[in-house]
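Chemist: Below are the structure tokens for one structure; questions will follow.
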Amino acid sequence: AQTVTQSQPEMSVQEAETVTLSCTYDTSESDYYLFWYKQPPSRQMILVIRQEAYKQQNATENRFSVNFQKAAKSFSLKISDSQLGDAAMYFCAYRSPNTGNQFYFGTGTSLTVIP
Amino acid sequence: GAVVSQHPSWVICKSGTSVKIECRSLDFQATTMFWYRQFPKQSLMLMATSNEGSKATYEQGVEKDKFLINHASLTLSTLTVTSAHPEDSSFYICSARDWGRTHTEAFFGQGTRLTVV
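Protein chains in written order, with the working numbering: chain A, 2 to 116; chain B, 105 to 221.
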């Protein structure tokens with residue numbers, strides 16, 4: 002099974018500053034999808050951003066962007082102009098089109114935003 | 105995006121009883137749904153893949169006789185925790201993909217917090 006690693010259990014950022022969350026994964030597949038999900042205290046999983054492996058261009062969604070390095074199997078999330086509402090657990094996830102479309106999640110990074 | 109509704113949001117039950125959790129796709133058809141378990145401050149652990157009209161596929165180490173999954177329609181999957189014990193207390197989350205759309209992400213239910221006393 003694919004493994005997803007998030008090496009930062011906790012991160013903090015000052016409000017309005019920028020923070021980068023790290024994620025690496027292990028796979029032998031060439032075609033796959035990567036995601037960042039946010040889980041606030043309500044525990045509802047919310048999609049932040051997605052990246053298709055065949056696309057070289059890094060995905061962006063407003064204040065959220067990724068640095069996708071396919072050869073290095075790295076998929077970091079950058080949050081710009083951090084807001085208090087960004088405080089949450091962030092999970093990196095891998096989806097393979099070949100293994101029942103299962104999602105494999107990293108262990109998560111708890112992000113604190115300091116006012 | 106597509107909406108997945110999970111019910112109940114929380115439930116308390118006595119040890120030895122069974123609890124059923126429902127997962128519904130409200131505005132799309134989901135031939136496949138996924139059930140996860142999440143312990144406090146930990147990641148989501150895939151328990152099983154629920155397939156409409158067929159048996160669920162369970163992950164290694166998950167007791168299929170204890171966690172019964174039924175996916176009787178294209179919009180509903182249920183997880184029944186049978187003979188629940190305190191160690192089954194956890195947060196259970198379902199997710200589904202909308203195969204009719206081009207989106208590749210999964211949509212998640214609100215989760216169910218199960219407490220067995």
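The beta-carbon is built from N, C-alpha and C at its ideal position, and this holds for glycine as well.
1) Have a look at B/CYS117, B/CYS198, B/PHE171 and flag the residue whose alpha-carbon is nearest the alpha-carbon of B/THR136.
2) Can you tell me the Cα-Cα spacing of A/THR28 and B/LYS118, whole angstroms?
3) Provide the residue span of the beta strand (DSSP E) that contains A/ARG51, from first to last.
4) Can you find the residues in the same chain that come closer than 8 Å, C-beta to C-beta, to B/ASN155, ignoring five residues on each side of it along the sequence?
5) Check distances from the C-beta atoms of the region 91 to 109 of chain A to those of chain B and list, in chain order, the residues that come in under 9 Å.
6) How big is the Cα-Cα spacing for B/SER122 and B/ALA188?
7) Can you tell me the Cβ-Cβ gap for B/LYS179 and B/SER129, rounded? I've got them flagged as a contact below 8 Å.
8) What does the alpha-carbon distance come out to for the pair B/ASP169 and B/MET151?
9) Please state if the CB of B/PRO190 and the CB of B/VAL166 are separated by a distance shorter than 8 Å.
10) Could you tell me which of A/VAL114, A/THR108, A/ALA89, A/THR4 sits nearest to A/PRO42, measuring between CA atoms?
11) What is the DSSP secondary structure of A/ASP32, reduced to helix, strand or coil?
12) Could you say which of A/VAL49, A/VAL14, A/GLU30, A/GLU53 lies nearest to A/THR4 if we only look at CA atoms?
13) Here's the rule: buried if 16 or more other CB atoms are within 10 angstroms of the residue's CB, otherwise exposed. What is A/ILE50?
14) Pick out the complete beta strand (DSSP E) segments inside the region 124 to 191 of chain B, 3 residues or longer, and give them in chain order.
15) Between B/ILE197 and chain A, is the shortest Cβ-Cβ distance under 8 Å, so that the two count as touching?
16) In three-state terms, what does DSSP make of B/ASP202?
17) Answer with yes or no whether the minimum CB distance from B/PHE138 to chain A is below 8 Å.
18) Measure the alpha-carbon distance for A/TYR34 versus A/PHE104 and round it to whole angstroms.
19) Answer yes or no: does any C-beta atom of chain B fall closer than 8 Å to that of A/ARG44?
20) Going along chain A, which residues have a C-beta under 8 Å from B/GLN214?
21) Quick check: what's the CA-CA separation for A/TYR55 versus A/TYR91?
22) Hey, how far is the Cα of A/LYS82 from the Cα of A/SER111?
Modeler: Based on what the coordinates show:
1) Numbered from its first residue, the second sequence carries residue 136 of chain B at position 32. Selected option, being the one with the closest Cα: B/CYS198.
2) For the purposes of this step, residue 28 of chain A is taken as residue 27 along the first sequence, with counting starting at 1. For the purposes of this step, residue 118 of chain B is taken as residue 14 along the second sequence, with counting starting at 1. Going by the C-alpha atoms only, they are around 43 Å apart.
3) For the purposes of this step, residue 51 of chain A is identified with residue 50 of the first sequence, where counting begins at 1. Run containing A/ARG51: 47 to 53, per the beta strand (DSSP E) assignment.
4) Within the second sequence, numbered from 1, the residue matching residue 155 of chain B stands at position 51. Cβ neighbours of B/ASN155 within its own chain (closer than 8 Å, five residues either side excluded): THR135, THR136, THR161, HIS175.
5) Taking 9 Å as the Cβ-Cβ cut-off against chain B, the residues of the region 91 to 109 of chain A that qualify are PHE92, ALA94, ARG96, PRO98, GLY101, ASN102, GLN103, PHE104, TYR105, PHE106, GLY107, THR108, GLY109.
6) Here residue 122 of chain B refers to the residue found at position 18 when the second sequence is read from its first residue. Here residue 188 of chain B refers to the residue found at position 84 when the second sequence is read from its first residue. In a straight line, the C-alpha of B/SER122 is about 6 Å away from that of B/ALA188.
7) Sequence index remark: in the second sequence, residue 179 of chain B carries index 75 (1-based). Sequence index remark: in the second sequence, residue 129 of chain B carries index 25 (1-based). The sequence given here places Thr at residue 179 of chain B; Lys does not occur at that position. Contact between B/THR179 and B/SER129 holds: their C-beta atoms lie close to 5 Å from each other, under 8 Å.
8) What you label residue 169 of chain B is simply residue 65 of the second sequence in a count that begins at 1. What you label residue 151 of chain B is simply residue 47 of the second sequence in a count that begins at 1. Answer to the nearest angstrom: the Cα atoms are 13 Å apart.
9) The count along the second sequence starts at 1 and reaches residue 166 of chain B at position 62. The count along the second sequence starts at 1 and reaches residue 190 of chain B at position 86. Cβ atoms of B/VAL166 and B/PRO190: not closer than 8 Å.
10) Looking up residue 42 of chain A in the first sequence gives position 41. Of A/VAL114, A/THR108, A/ALA89, A/THR4, the residue nearest in Cα terms is A/ALA89.
11) Numbered from its first residue, the first sequence carries residue 32 of chain A at position 31. Coil.
12) Taking the first residue of the first sequence as position 1, residue 4 of chain A is located at position 3. The shortest Cα separation from A/THR4 among A/VAL49, A/VAL14, A/GLU30, A/GLU53 belongs to A/GLU30.
13) Residue mapping note: residue 50 of chain A aligns to position 49 of the first sequence, counting from 1. Buried.
14) Counting only runs of 3 or more residues that sit fully inside the region 124 to 191 of chain B, the beta strand (DSSP E) segments are 136 to 142, 148 to 155, 171 to 177, 180 to 185, in chain order.
15) Numbered from 1 along the second sequence, position 93 holds the residue referred to as residue 197 of chain B. Interface residue, yes.
16) If you number the second sequence from 1, residue 202 of chain B lands on position 98. If DSSP states are grouped into helix, strand and coil, B/ASP202 belongs with coil.
17) By one-based count along the second sequence, residue 138 of chain B stands at place 34. B/PHE138 counts as touching chain A.
18) Position 33 of the first sequence, counted from the start, is the residue given in the question as residue 34 of chain A. Position 103 of the first sequence, counted from the start, is the residue given in the question as residue 104 of chain A. Those two C-alpha atoms are separated by around 9 Å.
19) Working through the first sequence from its first residue, we reach residue 44 of chain A at position 43. Closer than 8 Å: yes.
20) By 1-based counting over the second sequence, the position of residue 214 of chain B is 110. Result: SER43, ARG44, GLN45.
21) As a first step, residue 55 of chain A is located in the first sequence; it is residue number 54 there, counting from the start. As a first step, residue 91 of chain A is located in the first sequence; it is residue number 90 there, counting from the start. Cα to Cα, A/TYR55 sits roughly 24 Å from A/TYR91.
22) Here residue 82 of chain A is taken as the residue at index 81 of the first sequence, counted from 1. Here residue 111 of chain A is taken as the residue at index 110 of the first sequence, counted from 1. It is worth fixing the name first, because residue 82 of chain A is Asp in this sequence and not Lys. Cα to Cα, the separation comes out at about 17 Å.
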